[in-house]
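Q: Dropping a structure here in structure tokens format, bear with me for questions.
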Amino acid sequence: MKVVEVTAYGESDVLALVDRTEPTPASDQVIIANHYAGVNFIDIAMRRGWYPFPAVPTPFVPGTEGAGMVVAIGSSVRDFKIGDRVAYMQNESAGLERAYSELIAIEADKVVPLPDDISFEIAAAMTAQGMTTHYMLNEIRPVRPGTTVLVHAAAGGMGRNLVQWAKHLGATVIGTCSTSKVDVVKRLGADYVIDYTRDDFVAIGRDVTNGRG
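Per our numbering, the very first residue in the sequence shown carries number 11; after that it's consecutive.
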């Protein structure tokens, strides 16, 4: 099979398309034929050798998240079958095989079923940041109608998710961004948009929350 391999730490020129032996599943794994793989900053950091600590030794296959079809299952897997549409997120410290490959062997408990109305492309782009957004708004600080949420870098990948998700949950959303991104954050639905190059987000936040901050 073909994989994209990080041959040494550096920029995109260290990526190489190489041949690898096709994986076989362990008892608790599924084999997924990747249709799409996400590109996250964590993947760039891993390619540069910045993360995790210690860095993953080269050569390795990058790619934190992906989506595709199950093509084989391990003997103890009960929740998936061949032909299932799925998405997954791979731990940055788990083995050396990740999403930039035609096939990936991954533990079934890292895989989620993908509804037919969500494309592989969307799933591969949303899994890692979507899980992080869900955790932040439902576990770290549960957001309910009436909650006020301040989102820094509201036009970034996580920021866009947080603004829209928090609005869906009924929050009042304050988003900060640079001048060129103000219209973007407004379109995302933020109630208040702060240009951090001009405005004092602390003062505006206190004003919006009647001094509660």
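In this text, a Cβ means the ideal position worked out from N, Cα and C, and glycines have one as well. Because the structure is a prediction, the values reported are computed rather than measured.
State the CB to CB distance for the pair Leu-198 and Val-173, rounded to an integer number of angstroms; the pair is presumed to be in contact (CB under 8 Å).
A: 4 Å
Q: Given 8 Å as the limit, is there contact between the stretch 42-60 and the stretch 107-116, that is, 3 or more CB pairs closer than that?
A: Taking 8 Å as the limit for Cβ pairs, the verdict is that the stretch 107-116 does touch the stretch 42-60.
Q: Indicate whether Val-183 and Val-159 have their beta-carbon atoms separated by less than 8 Å.
A: yes
Q: Tell me, please, whether the stretch 59-69 touches the stretch 121-134 by the rule of three or more beta-carbon pairs shorter than 8 Å.
A: no
Q: Within 10 angstroms of the Cβ of Tyr-145, are there 16 or more other Cβ atoms? Answer buried if so, exposed if not.
A: exposed
Q: Can you look up Tyr-145 in the DSSP assignment and give me helix, strand or coil?
A: helix
Q: Alpha carbon to alpha carbon, how far is Asp-127 from Gln-100? Give it in angstroms, no decimals.
A: 23 Å
Q: Would a C-beta distance cut-off of 8 Å place Arg-95 and Met-79 closer than the cut-off?
A: yes
Q: What's the gap between the Cα of His-162 and the Cα of Phe-130?
A: One alpha carbon belongs to His-162, the other to Phe-130, and they sit about 29 Å apart.
Q: To the nearest angstrom, report how far apart Gly-84 and Asp-210 are at their CA atoms.
A: 55 Å
Q: Within 10 angstroms of its Cβ, does Gly-73 collect 16 or more other Cβ (buried), or is it exposed?
A: Gly-73 comes out buried.
Q: Can you give the Cα-Cα distance for Glu-21 and Ile-132, rounded to whole angstroms?
A: The alpha-carbon atoms of Glu-21 and Ile-132 are separated by roughly 26 Å.
Q: DSSP three-state call for Gly-167: helix, strand or coil?
A: helix
Q: Does DSSP put Phe-211 in a helix, a strand or coil?
A: helix
Q: Go ahead and label Leu-113 buried or exposed: buried means 16 or more other beta carbons lie within 10 angstroms of its beta carbon, across all protein chains shown.
A: buried
Q: How many whole angstroms separate the CB atoms of Val-16 and Val-24, which I take to be in contact at a CB cut-off of 8 Å?
A: 6 Å
Q: Over what stretch of residues does the alpha helix (DSSP H) that includes Arg-58 continue unbroken?
A: 51-58
Q: Just the C-alpha distance for Tyr-46 and Glu-75, rounded to the nearest angstrom, thanks.
A: 9 Å
Q: Going by beta carbon distance, what residues of the same chain come within less than 8 Å of Val-87, once the five residues before and after it are set aside?
A: The answer, listed in chain order, is Pro-35, Ser-37, Asp-38, Gln-39, Val-40, Ala-118.
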